[in-house]
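Below is one structure, written out as structure tokens, with a few remarks after it.
Numbering (my numbering), first residue to last: 4 to 313.
Shown next, in the form of structure tokens:
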């Protein structure tokens with residue numbers, strides 16, 4: 004909870020993101036990994052967790068005066084640094100998650116409706132700048148393909164098209180474990196990471212897909228339950244931030260696999276292959292569980308009143 008420690012960790016991970024441009028490994032068109040030979044590490048996954056921590060600390064110390072507009076922009080600066088560094092890699096998926104974490108934590112911090120409108124206007128302005136000056140042509144194609152996924156099924160829409168075929172072919176009960184033709188015959192790209200939900204849905208069907216979503220809802224519910232009993236505003240905000248972290252990954256990845264969201268290369272929690280995001284997820288849950296030791300059994304309304312400064 005020490006502010007100086009959190010700022011130091013934030014600067015250290017930001018430095019790691021910067022060093023990627025010098026020492027990073029290029030994979031799938033993005034310079035996002037440190038390759039140590041026997042394992043690789045993606046700093047952007049760790050930055051998502053650090054951002055939750057530092058925003059929770061910032062808002063917890065200013066929850067009484069959160070209606071002051073300046074705190075929206077100051078908090079956005081914390082997100083802007085990793086956002087720019089990640090976009091320059093370019094890693095559009097991680098940039099979306101970083102923005103979602105900031106936006107979600109701003110909303111739960113007690114912002115007024117007037118300031119909420121200001122946030123969305125600011126977000127639209129930032130997106131316009133990114134579109135004209137930052138996004139690569141293939142990233143623009145992915146966003147354009149979001150509006151009409153089937154417009155170019157042999158080009159930018161190929162991945163989304165194959166993913167929807169895989170999900171639909173699973174029908175009610177699925178084709179059975181190991182019998183998914185789209186993934187086994189290599190029609191579905193990255194079935195072990197980005198499109199693992201489509202590969203899973205093809206083999207387990209609608210029943211299995213609903214089951215996994217119910218389990219995700221259970222995890223989110225438990226995170227929010229623990230957060231509601233936080234010993235201070237910091238613990239409450241951190242728990243909410245972790246819930247936003249998981250919900251962003253789940254919503255965007257599943258939506259991408261169903262053809263409802265642009266293809267961004269975001270892993271599905273606990274399922275997609277890769278150690279960096281799993282490490283960040285378990286670290287976040289571990290910190291949350293350690294905070295539970297100091298939780299208080301108070302009435303939910305009392306916690307809400309204290310959090311809002313009433």
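Backbone N, C-alpha and C define an ideal beta-carbon position, used for all residues, glycine too.
Under 8 Å between C-beta atoms of residue i and residue j
i: residue 256; j: residue 269; result: yes
i: residue 252; j: residue 271; result: yes
i: residue 83; j: residue 21; result: no
i: residue 267; j: residue 76; result: no
i: residue 191; j: residue 201; result: yes
i: residue 227; j: residue 244; result: no
i: residue 278; j: residue 24; result: no
Residue i, enclosing alpha helix (DSSP H) - first and last residue
i: residue 276; result: From DSSP, residue 276 is part of no alpha helix (DSSP H); its letter is neither H nor E.
i: residue 191; result: Run containing residue 191: none; DSSP gives neither H nor E here.
i: residue 250; result: 236-260
i: residue 6; result: 6-26
i: residue 110; result: 95-111
i: residue 83; result: 73-90
Exposed unless 16 or more other CB atoms sit within 10 angstroms - verdict on residue i
i: residue 92; result: buried
i: residue 229; result: buried
i: residue 302; result: Caution is warranted here: a pLDDT of 44 is assigned to residue 302, below 50, making its placement in the model unreliable, and the coordinate value is therefore given only provisionally. Flag for residue 302 reads exposed.
i: residue 289; result: exposed
i: residue 6; result: exposed
i: residue 294; result: buried
i: residue 165; result: buried
For residue i, three-class secondary structure by DSSP
i: residue 231; result: helix
i: residue 43; result: strand
i: residue 48; result: helix
i: residue 120; result: helix
i: residue 175; result: coil
i: residue 37; result: strand
i: residue 29; result: strand
i: residue 270; result: coil
For residue j and residue i, believed in contact at Cβ under 8 Å, the rounded distance
i: residue 208; j: residue 177; result: 3 Å
i: residue 204; j: residue 196; result: 15 Å between Cβ atoms; not a contact.
i: residue 235; j: residue 17; result: About 26 Å separates the two Cβ atoms, so there is no contact after all.
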